[in-house]
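Peer 1:
Residue numbers (this note's numbering): -4 to 609.
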C-alpha cells in the first residue's frame, strides 16, 4: 500500500479521514494474516508521516481514497435503472435559488475538473449495480453509475449527505436545502421551461442520490476494474469536456467562473494541486489500463418504449408530457395550449441564445484578427519555451522516478524490518507462553498436593471432633442418669415418710377411739357396751382396709423402682455401646492420619528429583 501527498495537502482535518479510510479498508479484508496486518500498519504510519514531509519532486502516488485497479477480466456489468424504472420518491418543490444560477453547475464542473482523467477511486455494491466513486482530498464526492442511456453523475459537497447537482444524458438538476432550484440542458445552460415530469425525475434522482452517498461511505469498498474504466472513460470525460466548451462560449458562465476563481483562490489552488497529482498518477498507471482485457457488454439493454428522462433531441426541449406524466400521451386541450406556449417560449429563448452566440463568434473573429499579427512573433518564443518546458518536465520526471525508487526501497527496507521484528516478537511470545504454561502446571501440581494434605488434616480433625463429642455425650448421659436416680431415691424416701405418718396417725386415732369406748362402756348399760364393741369391730375393719391399701401402694412403689432400675441398666448398656463406637471411630481416624502421613512422606520423596533438577 502506497500513498503520497502534495506539499500542504495534509492537515489535522485530513488525518481522521486517513485513519477512518484505513480502518474501513482493514474491516473489508475479512481474512488477513498477522504479517499483512503489520505491513498495513506500517504503511499507515508512512501515510501519516508524509503529512510532515516537504518534497519538491512531482507526486505520482495514488489519491487519498484510491484502491489499485483490478487487472483481471471483469464480469458483465449491470446497468443502473433509468428514471422511468426508479421507485416513486417523496415529492419535491421548486424553490428560489440562494446563489447565482451558474454557481451549482460551476461547482460540479470544478469537482469534475479536479478529478481530471483519473480512474474511479473505488466502487461499492448498491441495489445490484456497482457505481464508481471519486473522493477529493477536501471531502467532495462524485458518484457515476451507468444506465442504458449513458452515465448518470452525482456531485456532493464535503460534509453533505445529499447531492447538490445530478446530471444525466440530457439534463442537470440543481438542489438546495432539499428543493429543486434549477434545471440545465445537456450543455449546462439554464432551462426554465421544464414541466412536472422533470420535477418528478428530480425527486427520484435526489432520493437515490442520498442512498448512493450512504453506500459510498459505509459499504464495503472494492477496486474498480481497469477494463471497465478503459471502456467507459471517454463517455465520462465527454460530458465534462462539453461543459468546459460551453463555459468558454457562454459569457455569463465564464464571467461567474472567473469571479468565483478570484474569490476562492485557496480552494482553487487545492483543486489544482490534486488535479496535478491525479494526472501524474494516471501517467504512472497508464500501462495497467492499456494492458487490461476487453470489457464485456452490459448484462441488460435499454428498455423498450418511451423513456421519461431522455430528450428527443440532444439539447432540445423535453417531450410533451401527457396527463399521466408519460411522454407520447395525447394531452387535452389545456395541455396542448400549455405545450404550445412552452414551445414558443423555448423557441424565443433559443433564438436569443443563437443571437448571443453569433455576437460571440463575431467578437471571437475580431479577436482572432487582432491576435494574428502577434502570433507569428510569439510563435518562435513559444517553441523555445515549449522545448525548455519539455526538457524541464523530462528532468522533473527523471527526478520523480529516482525519488519514487528511493522511497520504494526505503519502504521495502522498513517493511523487512517490521517483518523481522514481528517474527522476533512472535518467538518471544511463544517462549513466554511455554514458560508460563510450565509454571502454571507446576503450581497446579503443588496446589493439588496441598489440597490433598488439607483434606487429610480436615478428616483427622473431624474424627477427633466426633470422638470428643461422643465422650462428652457419654459423660452427660451418665450425669443425667445419676441425677435422675438421686431424684427418684428422694421421691421414694418422701413417699415412705408420708405413708408412715399416715399409718401412725391412723393408729393414734384407733387408740383414742378405744379409750373412749372403754370409758363409755364403764358408764353405759349393756347396750352401750355392745355398741362400743360394734364400733371397735368397725374401726378394726377400717384399719385392716388401710393396711391393705398401704400394702398395695408399697407393692406399686416396688414395681416402679424395679422399672427405673431396668431403664437405668438399659441406658448404661447404650452408653457403653456408644463409647465402643467412639473408640472405633477414633481408631479409624488414627489409622487415616497414619495413612496421610505416609502419603505425604511418599510425595515428598517423589518430589526431590524435580527439585534437584532445578
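For every residue, glycine included, the Cβ atom is placed at its ideal position computed from N, Cα and C. Since we're looking at a predicted model, the values are computed, not measured.
Do you know offhand how far residue 243's Cα is from residue 252's?
Peer 2: In a straight line, the C-alpha of residue 243 is about 10 Å away from that of residue 252.
Peer 1: Have a look at residue 99 and residue 93 and give me their C-alpha separation to the nearest angstrom.
Peer 2: If you take the alpha carbons of residue 99 and residue 93, they lie about 10 Å apart.
Peer 1: May I have the straight-line CA-CA distance separating residue 500 from residue 564, to the nearest angstrom?
Peer 2: Residue 500 and residue 564: Cα-Cα distance of roughly 38 Å.
Peer 1: Use the C-beta contact count for residue 273: other C-beta atoms within 10 angstroms, 16 or more gives buried, fewer gives exposed.
Peer 2: Buried, since its Cβ has 16 or more Cβ neighbours within 10 Å.
Peer 1: When the Cα of residue 89 is compared with those of 192, 551 and 103, which residue comes out closest?
Peer 2: Minimum Cα distance to residue 89 is reached at 192.
Peer 1: Specify, as a first and last residue, the run of the alpha helix (DSSP H) that residue 96 falls within.
Peer 2: Per DSSP, residue 96 belongs to no alpha helix (DSSP H) and is neither H nor E.
Peer 1: Skipping 5 residues on each side, what residues in its chain have a beta carbon closer than 8 Å to that of residue 135?
Peer 2: Correct list, in chain order: 106, 109, 150, 151, 152 and 153.
Peer 1: So, helix, strand or coil for residue 71, using DSSP?
Peer 2: Here residue 71 sits in coil by DSSP.
Peer 1: Where does residue 230 sit, in a helix, a strand or coil, going by DSSP?
Peer 2: Helix at residue 230.
Peer 1: In angstroms, rounded to a whole number, what distance separates the CA positions of residue 230 and residue 147?
Peer 2: Going from the Cα of residue 230 to the Cα of residue 147 covers about 11 Å.
Peer 1: Going by beta carbon distance, what residues of the same chain come within less than 7 Å of residue 227, once the five residues before and after it are set aside?
Peer 2: Result list for residue 227: 141, in chain order.
Peer 1: If we require 3 or more residues per run, which beta strand (DSSP E) segments fall completely within the region 108 to 149?
Peer 2: Listed in chain order, the complete beta strand (DSSP E) runs (minimum 3 residues) inside the region 108 to 149 are 127 to 130 and 136 to 142.
Peer 1: Answer with buried or exposed for residue 64, where buried requires no fewer than 16 other C-beta atoms within 10 angstroms of its C-beta.
Peer 2: By the 10 Å Cβ count, residue 64 comes out buried.
Peer 1: In the DSSP assignment, the alpha helix (DSSP H) including residue 168 goes from what residue to what residue?
Peer 2: That residue, residue 168, is in no alpha helix (DSSP H); its beta strand (DSSP E) goes 167 to 171.
Peer 1: Could you say if the region 251 to 265 and the region 119 to 127 meet the contact criterion of at least three C-beta pairs nearer than 8 Å?
Peer 2: Contact fails: fewer than three Cβ-Cβ distances are below 8 Å.
Peer 1: Can you tell me where the alpha helix (DSSP H) with residue 204 in it begins and where it stops?
Peer 2: Unbroken alpha helix (DSSP H) run through residue 204: 191 to 213.
Peer 1: For residue 282, which three-state DSSP category applies?
Peer 2: Looking at residue 282 - three-state DSSP - the assignment turns out to be helix.
Peer 1: Is residue 269 buried or exposed, if buried means 16 or more other CB atoms sit within 10 Å of its CB?
Peer 2: By the neighbour-count rule (16 or more Cβ atoms within 10 Å), residue 269 is buried.
Peer 1: Spatial neighbours of residue 125 within its chain, please: C-beta separation below 6 Å, excluding the five flanking residues on both sides.
Peer 2: Cβ neighbours of residue 125 beyond the five flanking positions: 118.
Peer 1: State the DSSP-derived secondary structure class of residue 239, mapped to helix, strand or coil.
Peer 2: The answer is helix: DSSP assigns residue 239 an H, G or I state.
Peer 1: Which term fits residue 233, buried or exposed, when burial requires 16 or more other beta carbons within 10 angstroms of its beta carbon?
Peer 2: Residue 233 should be labelled exposed.
Peer 1: Going by DSSP in three states, residue 269 sits in which element: helix, strand or coil?
Peer 2: Helix, per DSSP.
Peer 1: Rounded C-beta distance between residue 128 and residue 221? I'm assuming under 8 Å.
Peer 2: Actually they are not in contact, since the Cβ atoms of residue 128 and residue 221 sit about 16 Å apart, beyond 8 Å.
Peer 1: Determine which residues share a DSSP beta bridge with residue 220 and list them.
Peer 2: Paired residue(s): 65.
Peer 1: Rounded to whole angstroms, how far is the Cβ of residue 104 from the Cβ of residue 238, which I believe are closer than 8 Å?
Peer 2: 5 Å between Cβ atoms; contact.
Peer 1: Would you mind working out which of 157, 510, 67 and 576 sits nearest residue 464, comparing C-alpha positions?
Peer 2: Checking every option, the nearest Cα to that of residue 464 belongs to 576.
Peer 1: At what residues does the beta strand (DSSP E) containing residue 177 begin and finish?
Peer 2: Taken as a continuous stretch (DSSP letters only), the beta strand (DSSP E) holding residue 177 covers 174 to 179.
Peer 1: DSSP has residue 81 in a bridge; who is on the other side?
Peer 2: Note: residue 81 sits in no beta bridge, so no partner.
Peer 1: Quick check: what's the CA-CA separation for residue 34 versus residue 420?
Peer 2: The pLDDT assigned to residue 34 is 44, lower than 50, so where the model puts this residue is not dependable, and the model offers no usable value.
Peer 1: Report back the beta-carbon spacing between residue 218 and residue 81 to the nearest angstrom; my notes put them in contact at under 8 Å.
Peer 2: In fact, because the Cβ distance is near 28 Å, the residues do not count as touching under 8 Å.
Peer 1: Across the region 594 to 601 and the region 483 to 500, are there enough close Cβ pairs to call them in contact, namely three or more that are closer than 8 Å?
Peer 2: No: fewer than three Cβ pairs fall under 8 Å.
Peer 1: Secondary structure at residue 597, three-state DSSP: helix, strand or coil?
Peer 2: Helix, per DSSP.
Peer 1: Give the secondary structure of residue 185 by DSSP, where H, G and I count as helix, E and B as strand, and everything else as coil.
Peer 2: Of the three classes helix, strand and coil, the one that applies to residue 185 here is strand, per DSSP.
Peer 1: Using DSSP with H/G/I as helix, E/B as strand and the rest coil, what is residue 276?
Peer 2: Residue 276: helix per DSSP, three-state reduction.
Peer 1: How far does the alpha helix (DSSP H) with residue 258 in it reach, from first residue to last?
Peer 2: Run containing residue 258: 246 to 258, per the alpha helix (DSSP H) assignment.
Peer 1: The beta strand (DSSP E) spanning residue 161 covers which residue range?
Peer 2: 160 to 162 is the extent of the beta strand (DSSP E) around residue 161.
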